[in-house]
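S.K.:
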Amino acid sequence: MVRTIGSMFPEAFRHLWKKRATVLYPFEKLELTYRYRGKLEFFDERCKGCKVCEEDCPSFAMEIKDEGKEQDGKTKFRRIYHTDRCLFCGQCAESCMSESIILTKEFELAESDKEKFTIESTYSTEIIAKEREVKEDG
Amino acid sequence: MPKVTIPVGPQHPALKEPINFMVSVDGETIVDADMNLAYSHRGIEKLAESKTYLQNIYLVERICGICSHTHTTCFVQGVEELMGIEVPERGLYIRTLVAELERIHSHLLWTGVAGHEIGFDTLFMYTWRDRELALDLLEMITGNRVNYGINTIGGVRRNIKAGMKDQILKHIGKLEERVQYYTDMATTESTVLLRAEGVGHLPENEARKFCAVGPTARASNIPTDVRKEDPYAAYEELDFELITSDSCDILGRLIVRMQEMVESCKMARQLIENLPSGPIRAPMSREVPAGEVVSRYEAPRGECLYYVKSNGTFYPERLKVRASTYANWPAVVYSLKGYYIADIPLIIAAIDPCMSCTSRVAILDTKDGNERKVLDMDYLRTYGIKWYKEHGRGVRRR
Amino acid sequence: MSEIVNILLAVLYLLVFPGFLFLFFYGLFCEYFDRKLYARMQNRVGPPLFQPFADFVKLLAKEDIIPEKADKGMFSIVPLFAFAGVLTAILYIPIWRTDAVLSFEGDLVVVLFLLTIPSFALFFAGWHSTNLFSQIGAVRTVTQLFGYEIPFFFACLAPALIMGTWSISGILSQTVIRPEVLILLILAFIIAVISLQAKLERVPFDAPEAETEIAGGSLVEYTGRRLAIFRLMFNIKMVICAALITALFLGGPVLFPAVPGPEFIGYLLGFVVFLLKTLFVVFLLTMMRTVFARVRIDQLLKFCYGWLIPLSIVQFLLLILVRSMGWFA
Amino acid sequence: MREMEIETETGNLEKEERIKAEVVGKLGDKVEKVEIPRERRMFIYVKRKESFKDVVKFLKDWLGIIHVSAITGLDVGDKFEVLYHLFSYGKEKEGVEVTVKVSLPKTDPKIDSIVDLLPGAVLYERENHDMFGIVPEGHPDLRPLLLPDDWAETGGHPLRKDWVEEKEKEKEKEKEKEGRGE
Chain F
6 MVRTIGSMFP
16 EAFRHLWKKR
26 ATVLYPFEKL
36 ELTYRYRGKL
46 EFFDERCKGC
56 KVCEEDCPSF
66 AMEIKDEGKE
76 QDGKTKFRRI
86 YHTDRCLFCG
96 QCAESCMSES
106 IILTKEFELA
116 ESDKEKFTIE
126 STYSTEIIAK
136 EREVKEDG
Chain B
20 MPKVTIPVGP
30 QHPALKEPIN
40 FMVSVDGETI
50 VDADMNLAYS
60 HRGIEKLAES
70 KTYLQNIYLV
80 ERICGICSHT
90 HTTCFVQGVE
100 ELMGIEVPER
110 GLYIRTLVAE
120 LERIHSHLLW
130 TGVAGHEIGF
140 DTLFMYTWRD
150 RELALDLLEM
160 ITGNRVNYGI
170 NTIGGVRRNI
180 KAGMKDQILK
190 HIGKLEERVQ
200 YYTDMATTES
210 TVLLRAEGVG
220 HLPENEARKF
230 CAVGPTARAS
240 NIPTDVRKED
250 PYAAYEELDF
260 ELITSDSCDI
270 LGRLIVRMQE
280 MVESCKMARQ
290 LIENLPSGPI
300 RAPMSREVPA
310 GEVVSRYEAP
320 RGECLYYVKS
330 NGTFYPERLK
340 VRASTYANWP
350 AVVYSLKGYY
360 IADIPLIIAA
370 IDPCMSCTSR
380 VAILDTKDGN
390 ERKVLDMDYL
400 RTYGIKWYKE
410 HGRGVRRR
Chain D
1220 MSEIVNILLA
1230 VLYLLVFPGF
1240 LFLFFYGLFC
1250 EYFDRKLYAR
1260 MQNRVGPPLF
1270 QPFADFVKLL
1280 AKEDIIPEKA
1290 DKGMFSIVPL
1300 FAFAGVLTAI
1310 LYIPIWRTDA
1320 VLSFEGDLVV
1330 VLFLLTIPSF
1340 ALFFAGWHST
1350 NLFSQIGAVR
1360 TVTQLFGYEI
1370 PFFFACLAPA
1380 LIMGTWSISG
1390 ILSQTVIRPE
1400 VLILLILAFI
1410 IAVISLQAKL
1420 ERVPFDAPEA
1430 ETEIAGGSLV
1440 EYTGRRLAIF
1450 RLMFNIKMVI
1460 CAALITALFL
1470 GGPVLFPAVP
1480 GPEFIGYLLG
1490 FVVFLLKTLF
1500 VVFLLTMMRT
1510 VFARVRIDQL
1520 LKFCYGWLIP
1530 LSIVQFLLLI
1540 LVRSMGWFA
Chain H
3 MREMEIETET
13 GNLEKEERIK
23 AEVVGKLGDK
33 VEKVEIPRER
43 RMFIYVKRKE
53 SFKDVVKFLK
63 DWLGIIHVSA
73 ITGLDVGDKF
83 EVLYHLFSYG
93 KEKEGVEVTV
103 KVSLPKTDPK
113 IDSIVDLLPG
123 AVLYERENHD
133 MFGIVPEGHP
143 DLRPLLLPDD
153 WAETGGHPLR
163 KDWVEEKEKE
173 KEKEKEKEGR
183 GE
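For the protein sequence lines, the chains are F, B, D and H, in the order given. Numbering-wise (my numbering), the first sequence opens with residue 6 and increments by one. Numbering-wise (my numbering), the second sequence opens with residue 20 and increments by one. Numbering-wise (my numbering), the third sequence opens with residue 1220 and increments by one. Numbering-wise (my numbering), the fourth sequence opens with residue 3 and increments by one.
1. Specify the secondary structure class of Val78 of chain H as computed by DSSP and reduced to three states.
2. Please confirm if Arg1511 of chain D has its CB atom under 8 angstroms from at least one CB of chain B.
3. Let me know if Ala23 of chain H comes out buried or exposed under the rule of 16 or more other beta-carbons within 10 Å of its beta-carbon.
4. I'd like the list of long-range same chain contacts for Leu1233 of chain D, defined as Cβ closer than 6 angstroms, with 5 residues on each side in sequence excluded.
5. For a contact defined as C-beta to C-beta under 7 angstroms, what are the partners of Ile186 of chain H on chain B?
6. Once DSSP output is grouped into helix, strand and coil, what is the label at Arg379 of chain B?
7. Looking at the structure shown, is Asp387 of chain B part of a helix, part of a strand, or coil, going by DSSP?
8. For Thr24 of chain B, which residues of its own chain have a beta-carbon under 6 angstroms away from its beta-carbon, when the five flanking residues on both sides are left out?
9. Only counting the same chain, and skipping five residues up and downstream in sequence, which positions put a Cβ closer than 8 angstroms to that of Arg288 of chain B?
10. Measuring from the CB of Phe89 of chain H, is there a heavy atom of the ligand ZN at a distance below 7 angstroms?
11. Skipping 5 residues on each side, what residues in its chain have a beta carbon closer than 8 angstroms to that of Lys356 of chain B?
12. If you check the beta carbons only, do Ile1459 of chain D and Ala1308 of chain D fall under 8 angstroms apart?
13. Ordered along the chain, which non-local residues of its own chain (more than five positions away) have a Cβ less than 8 angstroms from that of Tyr359 of chain B?
14. Residues of chain B with CB under 7 angstroms from Glu1432 of chain D, in chain order?
15. What runs of the beta strand (DSSP E), each 3 residues or longer, lie entirely inside the stretch 1370-1440 of chain D?
16. Report yes if the C-beta distance between Val33 of chain H and Lys49 of chain H is below 8 angstroms; otherwise report no.
17. Can you name the residues that DSSP bridges to Val6 of chain B?
18. Would you grab the beta carbon distance between Leu111 of chain B and Ala252 of chain B for me? Rounded to a whole angstrom, and I think it's under 8 angstroms.
19. Output needed for Gln1534 of chain D: all residues of its chain with C-beta closer than 6 angstroms, excluding positions within five of it in sequence on either side, in chain order.
20. Can you round the beta-carbon distance between Glu279 of chain B and His126 of chain B to whole angstroms, since I take them to be within the 8 angstroms contact cut?
21. With DSSP run on the structure shown, which of helix, strand or coil describes Ile82 of chain B?
22. In chain order, which continuous runs of the alpha helix (DSSP H) of length 4 or greater are located wholly inside the stretch 1291-1341 of chain D?
23. Looking at C-beta atoms only, is the number of pairs between the stretch 1518-1527 of chain D and the stretch 1362-1379 of chain D that lie closer than 8 angstroms three or more?
24. What's the gap between the Cα of Lys405 of chain B and the Cα of Gly1435 of chain D?
25. Considering just the uninterrupted stretch of the beta strand (DSSP E) at Arg148 of chain B, what are its terminal residues?
26. Are Ile67 of chain H and Leu88 of chain H closer than 8 angstroms when you measure CB to CB?
27. Output the boundary residues of the beta strand (DSSP E) element that contains Lys81 of chain F.
28. Would you check if the distance between the CB atom of Glu80 of chain B and the CB atom of Asn166 of chain B is smaller than 8 angstroms?
29. Which residues, taken in chain order from the stretch 21-45 of chain F, show a beta carbon closer than 9 angstroms to some beta carbon of chain D?
30. Just the C-alpha distance for Ala318 of chain B and Lys79 of chain F, rounded to the nearest angstrom, thanks.
31. Going along the chain, which residues of the stretch 1252-1265 of chain D sit with their C-beta nearer than 9 angstroms to a C-beta in chain F?
32. How long is the line joining the alpha carbons of Pro201 of chain B and Tyr145 of chain B, rounded to whole angstroms?
33. Of the choices H:Lys17, H:Glu176 and H:Glu83, whose alpha-carbon is the least far from that of Ile73 of chain H?
34. Spatial neighbours of Gln1393 of chain D within its chain, please: C-beta separation below 6 angstroms, excluding the five flanking residues on both sides.
35. Helix, strand or coil, according to DSSP, for Met1260 of chain D in the structure here?
36. Comparing alpha-carbon positions, which option in D:Leu1498, D:Glu1420 and D:Phe1511 lies nearest Arg214 of chain B?
Next comes the structure, spelled out in C-alpha cells:
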C-alpha cells in the first residue's frame, strides 16, 4: 500500500483562504425547504371536528374537545395544541380530512413561559365555503 | 505487574453515548473487558404496545437519530407484509433513495468520529462539512434533516419532483468526489494507518461466532448484506457490489465503509435515473390483521431486525427491535483484548456504536444506604429547582 | 544608587518585559493564533481575539476542587512550580537584540533544563491526583519525555557545537557574523520542531493528554485557578520554546541584512522580527497538528528512537566533520 | 446463463422447502410444524421445550445456520413464547430467516441456553432474562443487562403483560391507604 505523510496538507493549506463553512446562526439563517415541518397553523373554519388528528398524534399534542351545542344547533369545539409535546411529524396534517391543518416553516419555538406552549381556540363547525388549497405533495 | 481495572464510561470523552466498559489492563495492554449496557433504557418496546401502528412509525423513528429511516422502513415493511399491501414501485424507489442517502451520511459521520477518536480533528471537520451535502438532499426530499418522517404504511409521504432530479445528481456528483478524496487520503496517510492497521483484529471465524453484522462482519470477510441476501424495497433491481475486506481490522472497516459510500452514490444515481412514474403510496386501513412477521433491513451499521406480532386490533401485541449495534457488542469485547489503552476509543468506535436510549428513571441511594427510591423526572426537576433556590446564592458567592 | 536601579531593572525584566506581563499577553495571543489558524484550516470560524483571555478569566472564577484522596500540598504547589520554571527561562533568550537580559556561558543548558520542569510538574500533578486516568497520563508524560528529550537536546546543542559557545546570546552573535552556517542546521531545525511538538504534547504526539483516550491525562482532576495556571504555563512554554528555536536556528531578532539607524529603531525592528519569527514557528506547530492523527505512545518512542535520534546524530557528525575541516572556523 | 437459472429457481420456495424437508425428516417427532409464510422466511414450531436445543443443534451442525439475529420473548397470556431468529447465510437472495419458536409455561420459565452452541446469543438471552424472567439454564452470566443492577429484586419483568410500573404501584398503595384513612 502506498504510504504518504501529511497528505492532507495541501487541502488544509488551501482552506486558509477559503470562506468558512460555518453558518453563524442566529445571525445567518439557512433557507428552509417548503417541505419543512414546523409549527402547525390551523384553519378553524374548515375543521369538522372529526378528531382524526387527535387519534393519530403520536405524542398527544392535539386535543379536540366537545363544548356542547350552540343556540343555533351547531356543535361547538375547543382545540388545544401543545407545542411542547408536538414532535412535528406532520401526521395530523396528513390525516386531516378537511385540510384544516397546515405546517409552517416556523421553528424557533423556545419560550420561557410554559403556558405559551398551549395554544387554544374555540370555534364551531360552520364550514365556510372557501376554495381549497391544493396540498403541495401527494 | 498488578492488573488495574479502568472504567471507560458511562461518561468518557471517547463515547458519545453512555455505555460502560470495565477494562482490565496490564500496563498499557488490555487483558480483559466487560461491558455494561443500557444506562438509558427508554422502554420503547413496551411503549409501542400502547400506540397504534401509525403512531408507532414516529416512535420507532426516534429510536436513533442517525438511522431514523432504517427503523421506520423496517417497521413499515413488516406491517405492510402483515396487511398484504403492495407498495407502488415509485414509493419503493424513493424509500430506497432516502435509505442510501442516509447510509452516505451515516458513514461520513462515522469517518469523522473515527478521525476524532484518533485526534485527527481536521478529518472530522471536513467529513462533517461534506455530510451536509447528503443532509441537504434529505432535507430537500423529505423536509427534515434528521427524522425524515417520509415512511408511512403503504408507501412514502413525499414525492420527488421533476426539478429535484438535477440537484440530486449534482450533489451526488460532489459527494462522490469528496468520498473518493477521503478514501485516498485515509488509506494512504501514515498516521491513520499507524492507528488503524492491525488494530482490533476480528478474524472471520470469531466474527461468525459472535454474530457480527454489517460493515464489521464484511470487514472480517463475511459476505453478508441484507440488501443482497434478502432484498427488500427496490434493491432487487439495483446493480451494486457487496464490499468485503479480508484485513479483519479497523482499516478494513474503514475501507469497507468508504467503498460502500461509493456504491451508495452509484445506487442513488441509478434510482434517480430510473425513477418509475405512478403513485407513491397505496391506500391503507388502520386495522392490521392478526399475524406475525419478521422484517429485516440493512442499516448503515448492519442488519436491523423487527418482529411484529399483531392480534387484529389497532395496537401491536409485540414489537421487537434488534438494532444493529446491539449485535456487534460481543465482537467489540473480543477485539479489545490484547490491544493498548490508546486503541480503546477507536475499537469501540469502529462498529459505529449507537446506544440510542434515554432513561426516565434514577435510582437513589439515601444516606443510610438501605432505602432505595425510584425518582421520576418530575421529582428530579422540582428537587433541582428547590435546591437551587436554597443554595443558589451560596453557589454564586463561592 | 546604581544598585537600586539594577534591582528595579531586574524586577522590571522579571515582571513586565520580557517577563510575566509580556509573556502573559503574548502567550495568550499565540494560543489565539494557533486556534484561529487551526480553525481556518478546518474551514471553521475560530475564536475571536480575546477568547483565550476570556477563557483564562473564566477559569479563575470557577470553583476550585481538590480531590479528597489527592496529595493536597503537591496538587496545589505543582502548577506554580511549573509556571515559575518557564518564566525564568525567558531571561536567557534574546528578544530585541542579540544578547539576552541574563547570559553566561552555558545558559543554553540551563534553559533546556528549565523547559523540562513542566513535564515533571505534569507528572507529579497527574500522579498526585490519584485518578486512574491522570496516573496513566503521568506515566505517559514521563515515557514520552525519554522519547523527545534526547533529539531535542541534540538538535539544540548542534548550533552550540558549530558556533563554539554554550550561551544562547553567544550563539546569536556568532550567527550574525556568519549567517551562512544556518544552512548547515536545517536538519537540526526540523528535528527540533518535531520534537518540540512532542514536548508541547500536541497532536500527533499528544498521547499523554489524549482527550478521547484518557480524558485529558494528568490534568483530569484540575479545575479553576490551578487549571488556569497550567494552561497559561502551556502557552508560555510554547512561546519560549518557539523563541528558543528562533534564537538558535532562525537568527532571533536579527534582521538580515541589518538596517542602519539609531539604536532604539534597531531594537524595535528586532522585536518585531522576533515576533514574526516566533509566529512562524507556531505556524509550523499548528500545521503539524492539523494534518496528522495522534500516534500511540509506543509508536512515538519508536519514531523518536528510530528516526529522530539517528538523524540528530548524523547532524552532529556532520557538524563535527565541518568543524574539524575548519571550513567555518 | 446458469446463474440466471439459479436465480429463477430460488424465486420459488425451493431452498425453504429443502430446509423444511431436512428438518421434518430428521427431527420429525420434535417439531410440531414448519411454516413458510413467504420467500426467505420460515417458522419452526418446536413441540416440547426439552427437545428445543436438539433442533438448534441440528440446524447448526447439519444446515450450518450459525447466525443468531435476535431472540424475542413473547407473553401470550398463559405461557411464554421464545422466538429464536436464526439466519442462514446465503448467496444472492438465498439467505433464509429461520425462526424457531418454543413455548414455555409461565410457572416454570426455564429453557436450555444455547450460548455454548451459538455464542452470539449471549446478550439476547440476558435481555430476555431481564425483560421476561425467562431463565436460560447454563448461561454463564446472568447479571441484569438492560435493567439497572438492582432492579430484579423489586421491579419485576417489564415486558410481561401484567407488569405494573413501580410508580403506579406506589400510587395505588397510597390510594388504598387514603381509602382506609377515610
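Every residue, glycine too, gets a C-beta built ideally from N, C-alpha and C. All values reported here derive from a predicted model rather than from experimental measurement.
M.R.: Answer, in terms of the structure:
1. In the structure shown, Val78 of chain H adopts extended strand secondary structure according to DSSP, grouped into three states.
2. For clarity, residue 1511 of chain D is Phe in the given sequence; the question names Arg instead. For Phe1511 of chain D, the answer is yes, since a Cβ of chain B falls inside 8 angstroms of its Cβ.
3. Ala23 of chain H should be labelled exposed.
4. none
5. Any property of residue 186 of chain H remains undetermined from this structure, which presents chain H solely from 3 to 184.
6. Any reading at Arg379 of chain B needs caution, since the residue's pLDDT is 35, under 50, leaving its predicted position unreliable; the model's value is listed next. Coil, per DSSP.
7. Only weak support is given to the placement of Asp387 of chain B: the predicted model assigns it a pLDDT of 41, under 50, and the question is left unresolved by the model.
8. Closer than 6 angstroms at Cβ, skipping near neighbours: Met41 and Ser43.
9. Leu188 and Ile191
10. No copy of the ligand ZN occurs in the structure displayed, which carries no ligand at all.
11. Ile49, Val50, Asp51 and Ala52
12. yes
13. Glu47, Thr48 and Ile49
14. Ala33, Ile360, Ala361, Ile363 and Pro364
15. You should have found no qualifying run.
16. It is a contact, given that the beta carbons lie within the stated cut-off.
17. The displayed coordinates of chain B run from 20 to 417. Any statement about residue 6 of chain B would go beyond what the structure contains.
18. 5 angstroms
19. Ala1377, Leu1406 and Ala1407
20. 6 angstroms
21. coil
22. 1291-1308
23. yes
24. 34 angstroms
25. First-last for Arg148 of chain B: Asp140 to Thr161, but that is the alpha helix (DSSP H), not the beta strand (DSSP E).
26. yes
27. Thr80 to His87
28. In this structure, the beta-carbon distance from Glu80 of chain B to Asn166 of chain B falls below 8 angstroms.
29. Leu21, Trp22, Lys23, Lys24, Arg25, Ala26, Thr27 and Leu29
30. 52 angstroms
31. Leu1256, Ala1258, Arg1259, Met1260, Gln1261, Asn1262, Arg1263, Val1264 and Gly1265
32. For the record, residue 201 of chain B in the displayed sequence is Tyr; it is not Pro. Looking at the two C-alpha atoms, the distance is approximately 9 angstroms.
33. H:Glu83
34. Met1382
35. helix
36. D:Phe1511
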